[in-house]
Amino acid sequence: MSSAKANRRIALIGNPNTGKTSLFNILTGMRQRVGNYSGVTVEKKTGTWTMPSGESVELIDLPGTYSLSASSLDERVAVDVISGHGMGGQAPDLVVVVVDVENLRRNLFLASQASELGVPMVIALNCWDVAEKKGLQIDSKLLEQRLGVPVVPTVAKRKSGTDELAKTIEKALVTRPILVRPKWPEPVQKAIGSLREQLVEQRSESLSEGELQRLLFDRKSAVTERLKTPADEHQAIIEAAREQLYKDGFQPDAAESTLRFRFLNPLLNDVLERQSAMKKRSKSESIDQLLLHKFWGLLVFVGMMYVVFQSVYTWAGPIMDLIETVVGWVQGIASDALVATPMLQSLVADGIIGGVGAFLVFLPQILVLFFFISLLEASGYMARAAFLMDKLFQWCGLNGKSFVPLLTSFACAIPGIMATRTINDNKARLITILVAPLMSCSARLPVYLLLIGAFIEPKYGPNVAGAALFGMHFIGALVAAPFAWALNKTLNKGRKPMPFVMELPHYRVPQVKLVFHRMYESGKEFVVRAGTVIFAMTIIIWALLYFPRSTELEEEVTAEYIGQITQGAMSEISGEIQLDEAQSTELEEQISARYLEQSYMGRFGKFVQPIFAPAGYDWKITVGVLASFPAREIIISTLGITYALGGEVDEESDDLRSTLSNAKWESGPRKGEPVFNIPVALSIMVFFALCMQCGATLAVIAKELNWWWAAGSFVALTSFAWIAAVAVYQVGMLFVS
């Protein structure tokens, strides 16, 4: 077999909800790879398919799209891959257009556009069973004759027709059939000819006839991003061609759809018939009477989202606890084995093993979330949920599909941000990702419990404490709405928002195998893509907290401790004193506290403490805030170390609560005054509620968008959190007597 054949590629394209991905999964048998197309964040799936002849070809599952207008990322990817500018610069040898039989005319609009890019084509008439139940009769042979390409009826979810499709595809790779194309009116040909002359012939741009059409018909075509001609020059050329078309009586924005449908309509005459006896309401329409109802539909939706949220929050909890227990157990083994080499012991136990645990602990939430997302999408309900929530979200630049990612971010922003891949509108997806960290994740809960339990509940009682805890959970959500609105206004720059268009698919029984496969792929992608960055961040934070580490400091602290317990009487023979277990533990905690204070992180904390002073923070709180970047709950163990209580304390520790209540300023104009009070506690909680959730969240934002957006969101949220924390503290102090 030649290498050329071994490398042959077949692309699947179709409207959303046509069963394209189901067909892809059947043909590849789950032997597929998931990633992003080069330069964009749109998910790509490629897989190996062994045809009936035994030849292996690469199958590409292109993003679902209604057209090739090339204005959105999905459409751009489709144009790039089919035209040979994506996936390594090799155009596919064949395109299989998966068509929903019920929406034949509209689906063939996409096929007609794709044919202009010059690739051979096969049409898969999917959902054939649904069409028959509704009384639709389609003469596939007549349609095949008129289109000029093979047409194969299929039912992907039942694997019906897939064998015939496989044979047809194999034959089409040899015969290379091309879909019939419309004959464009002279003004359109003239405009395209003008673009060809000025861009291809004069400036040597590599553009096909179909890509020239995209430049002419699409107001904001992404094809322009590939042009080598300077932007001002090619924009002038394109606008001149569009203006000439307008003068000749054709509106450039509407000409393609008008002319292409005018071409398709005669081809479908006598091909599609509907039996009048089958006009009764379908099951999907009957169910939608309830699920899309203004009141009952919303009630069902809220109940379903509550189940999803609680499942992500509670089902994953025991597994997360188990992972933390296993990580702690492995850390203990490593620590005991390396006790003779303290630095290596800390690196392996706290850095490496702790770093692995830092991202593995999120894996259960990722899996549970994508289980429900896959289930809801496969059943057809997710589209209904987006439809219900769309009007509620439109005013601030989001759309209905933003709801599930934002709701999930209350448990953890990482799976929430990954869930934004279901949002087709790139701007809405961007805004959703940027506001997701404002949702109060589960890692912030221990911080709230510690400070509310130490300062608010003792003074105001459990009712006020409960209200404070509730308020902390929703302060980020209240801020997220105007934040999203501001982003929308900034990103839009006066342009009208992209309309939210979604087809409501039929209700289907989800295929369990595909649901669990998506869970696996999502979990694997998180570990591979985000896990490496999270691990690297954890190692860096460990190093900043560990170094420098001199033996002289340990000897100094030991001498001071011995002097304290002997009141100086036997300090000269301190090395001969035998400490009991409690004293040894206390000494180790004091040594750890001093090492933390003298570490690079401790020194940096003292350096930046003046910035946090207006919020009421001393250097110990500042170090806790900085050290908690990998995971926000780490501030509790960091405070435990800095106050010589040990890193094992938790939010329920009476010793930690008592120590914080009695802590005094060690230096400066406030020396001797209490560090903590209710304004300080509220300031810390507000800062944590509004800042970036954690380093892992930042890493996922960088992977889904890029590091510029990640850095910008970190700076923006940190700055806003600081301003809010300062305001809360300064106002609160006005009421402290």
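At position 572 of the sequence shown the residue is numbered 604 (my numbering), and the sequence of numbers has no breaks. All C-beta atoms, glycine included, are put in the ideal place defined by N, C-alpha and C.
**Item:** Neighbourhood of Pro396 by C-beta, 6 Å cutoff - its chain only, sequence neighbours within 5 removed
**Value:** The residue labelled residue 396 in the question sits at position 364 within the sequence shown. Closer than 6 Å at Cβ, skipping near neighbours: Ala348, Ile351, Met352.
**Request:** Would you check if the region 447-457 and the region 648-665 touch, i.e. whether three or more CB-CB distances between them fall below 8 Å?
**Result:** They do not touch, by the three-pair rule.
**Asked** Per DSSP, Asp612 is paired with what?
**Response** Position 580 of the sequence shown holds residue 612. Beta-bridge analysis with DSSP links Asp612 to no other residue.
**Message:** Among the candidates Val732, Ser101, Thr464, Val220, whose CA atom is the shortest distance from the CA of Val426?
**Reply:** Here the question's residue 426 lines up with position 394 in the sequence shown. Note on residue identity: the sequence assigns Gln, not Val, to residue 426. Distances from the CA of Gln426 to each of Val732, Ser101, Thr464, Val220 were compared; the closest alpha carbon is that of Thr464.
**Prompt:** Apart from the five residues on each side of it in sequence, which residues of its chain come closer than 8 Å, Cβ to Cβ, to Val220?
**Reply:** On the sequence shown, residue 220 is found 188 positions in, with the first residue counted as 1. Only Leu248, Leu277, Phe282, Ala287, Leu291 meet the Cβ criterion.
**Request:** Could you work out which residue in Ser253, Arg235, Arg137, Gly242 is closest to Glu265 when comparing CA atoms only?
**Result:** Along the sequence shown, read from residue 1 onward, the residue named residue 265 stands at position 233. When each option's Cα is compared against that of Glu265, the closest is Arg235.
**Asked** Using the rule of at least 16 other Cβ atoms within 10 Å of the residue's Cβ for burial, across every protein chain shown, is Tyr761 buried or exposed?
**Response** Locating residue 761 in the sequence shown gives position 729, counting from the first residue. Buried, by the Cβ-count rule.
**Request:** Helix, strand or coil for Asp772, going by three-state DSSP, please let me know.
**Result:** Because the chain in this structure spans residues 33 to 769, residue 772 falls outside the shown range and cannot be described.
**Prompt:** Is the distance from the Cβ of Ala713 to the Cβ of Leu483 below 7 Å?
**Reply:** Walking along the sequence shown from the start, residue 713 turns up at place 681. Walking along the sequence shown from the start, residue 483 turns up at place 451. It is a contact, given that the beta carbons lie within the stated cut-off.
**Item:** Ala309, DSSP secondary structure in three states
**Value:** Along the sequence shown, read from residue 1 onward, the residue named residue 309 stands at position 277. Note that Ala309 has pLDDT 39, beneath the 50 cutoff, so the model's placement of it is unreliable and the number below is only indicative. Ala309: helix per DSSP, three-state reduction.
**Cβ distance (whole Å) where Asn520 is taken to contact Cys444 below 8 Å** = Counting from one through the sequence shown, the residue named residue 520 turns up at place 488. Counting from one through the sequence shown, the residue named residue 444 turns up at place 412. So it is not a contact: roughly 25 Å between Cβ atoms.
**Prompt:** Helix, strand or coil: how does DSSP classify Trp574 here?
**Reply:** The count along the sequence shown starts at 1 and reaches residue 574 at position 542. For Trp574, the three-state secondary structure derived from DSSP is helix.
**Request:** With DSSP as the reference, please indicate the residues paired to Ser624 in a beta bridge.
**Result:** As a working note, residue 624 is residue 592 in the sequence shown. Looking at the DSSP assignment, Ser624 forms no beta bridge with any residue, so it has no partner.
**Asked** Taking the C-alpha atoms as reference points, what is the distance between Ala676 and Leu470?
**Response** Within the sequence shown, residue 676 is the residue found at index 644, counting from 1. Within the sequence shown, residue 470 is the residue found at index 438, counting from 1. Between the alpha carbons of Ala676 and Leu470 lies a distance of about 32 Å.
**Request:** Please check the pair Ile201 and Ile42, which I expect to be a contact at CB under 8 Å, by giving their CB distance rounded to whole angstroms.
**Result:** As a working note, residue 201 is residue 169 in the sequence shown. As a working note, residue 42 is residue 10 in the sequence shown. Here Ile201 really is in contact with Ile42; their C-beta atoms are around 7 Å apart, less than 8 Å.
**Every unbroken alpha helix (DSSP H) inside the region 623-704 [4 residues or more]** = Whole alpha helix (DSSP H) segments, 4+ residues: 632-644, 651-659, 666-674, 686-694.
**Request:** Report all residues from its chain with a CB closer than 6 Å to the CB of Ala625; omit the five preceding and five following residues, and keep chain order.
**Result:** Against the sequence shown, residue 625 aligns to sequence position 593. Correct list, in chain order: Ile673, Thr674, Ala676.
**Residue from Val362, Leu149, Leu501 whose Cα sits closest to the Cα of Arg476** = On the sequence shown, position 444 is the one that residue 476 refers to. Of Val362, Leu149, Leu501, the residue nearest in Cα terms is Leu501.
**Request:** With a threshold of 16 other CB atoms inside 10 Å of the CB of Trp754, please say whether the residue is buried or exposed.
**Result:** Against the sequence shown, residue 754 aligns to sequence position 722. Buried, since its Cβ has 16 or more Cβ neighbours within 10 Å.
**Asked** From Ser603 to Glu684, what does the alpha carbon distance come to, in whole angstroms?
**Response** If you number the sequence shown from 1, residue 603 lands on position 571. If you number the sequence shown from 1, residue 684 lands on position 652. Any reading at Ser603 needs caution, since the residue's pLDDT is 43, under 50, leaving its predicted position unreliable; the model's value is listed next. If I take the Cα positions, the gap works out to 37 Å.
**Prompt:** Is it right to say Phe404 is buried, meaning 16 or more other beta carbons lie within 10 angstroms of its own, or is it exposed?
**Reply:** Counting from one through the sequence shown, the residue named residue 404 turns up at place 372. Around the beta-carbon of Phe404, 16 or more other beta-carbon atoms lie within 10 Å, marking it buried.
**Message:** Using the three-state DSSP reduction, which class does Ser238 fall into: helix, strand or coil?
**Reply:** Position 206 of the sequence shown, counting from 1, holds the residue named residue 238. Coil at Ser238, not helix or strand.
**Message:** Out of Ile92, Pro706, Ala743, Met414, which one is the CA nearest neighbour of Met765?
**Reply:** For the purposes of this step, residue 765 is taken as the residue at position 733 of the sequence shown. Residue Pro706 is the option with its Cα nearest to Met765.
**Prompt:** My guess is that Pro124 and Ile155 are in contact by the Cβ rule of under 8 Å, so how many angstroms apart are they, rounded?
**Reply:** Working through the sequence shown from its first residue, we reach residue 124 at position 92. Working through the sequence shown from its first residue, we reach residue 155 at position 123. Incorrect: roughly 15 Å between the Cβ atoms, too far for contact.
**Prompt:** Is Leu671 closer than 7 Å to Val547 when the C-beta atoms are compared?
**Reply:** To locate residue 547, count along the sequence shown from 1; it is residue 515. To locate residue 671, count along the sequence shown from 1; it is residue 639. Taking 7 Å as the Cβ cut-off, Val547 and Leu671 do not qualify as a contacting pair.
**Asked** On the three-state DSSP scale, how would you describe Lys735?
**Response** By 1-based counting over the sequence shown, the position of residue 735 is 703. When secondary structure is reduced to three states using DSSP, Lys735 falls in the helix class.
**Item:** Sub-7 Å separation of Asp516 and Val467 beta-carbons
**Value:** By one-based count along the sequence shown, residue 516 stands at place 484. By one-based count along the sequence shown, residue 467 stands at place 435. The question names Asp, yet the displayed sequence has Ala at residue 516. A contact, by the Cβ cut-off of 7 Å.
**Request:** Measuring alpha carbon to alpha carbon, tell me which of Asp382, Arg635, Cys473 ends up nearest Cys723.
**Result:** Looking up residue 723 in the sequence shown gives position 691. The residue with the shortest Cα to Cα distance from Cys723 is Cys473.
**Prompt:** So, is Ala366 buried or exposed, given that buried needs 16 or more other C-beta atoms within 10 angstroms?
**Reply:** Within the sequence shown, numbered from 1, the residue matching residue 366 stands at position 334. Per the 10 Å Cβ criterion, buried.
**Asked** Where does Gly89 sit, in a helix, a strand or coil, going by DSSP?
**Response** The residue labelled residue 89 in the question sits at position 57 within the sequence shown. According to the sequence displayed, residue 89 carries Val and not Gly. In the structure shown, Val89 sits in a strand (DSSP, three-state: E or B).
**Message:** Let's see if you can read the secondary structure: which residues bound the alpha helix (DSSP H) around Ala43?
**Reply:** Here residue 43 corresponds to residue number 11 of the sequence shown, with the count starting at 1. Boundaries for Ala43: no alpha helix (DSSP H) harbours it, while the beta strand (DSSP E) harbouring it runs 41-46, taken from the DSSP string.
**Request:** Helix, strand or coil for Ala123, going by three-state DSSP, please let me know.
**Result:** Along the sequence shown, one-based indexing puts residue 123 at 91. For Ala123, the secondary structure class from DSSP, reduced to helix, strand or coil, is coil.
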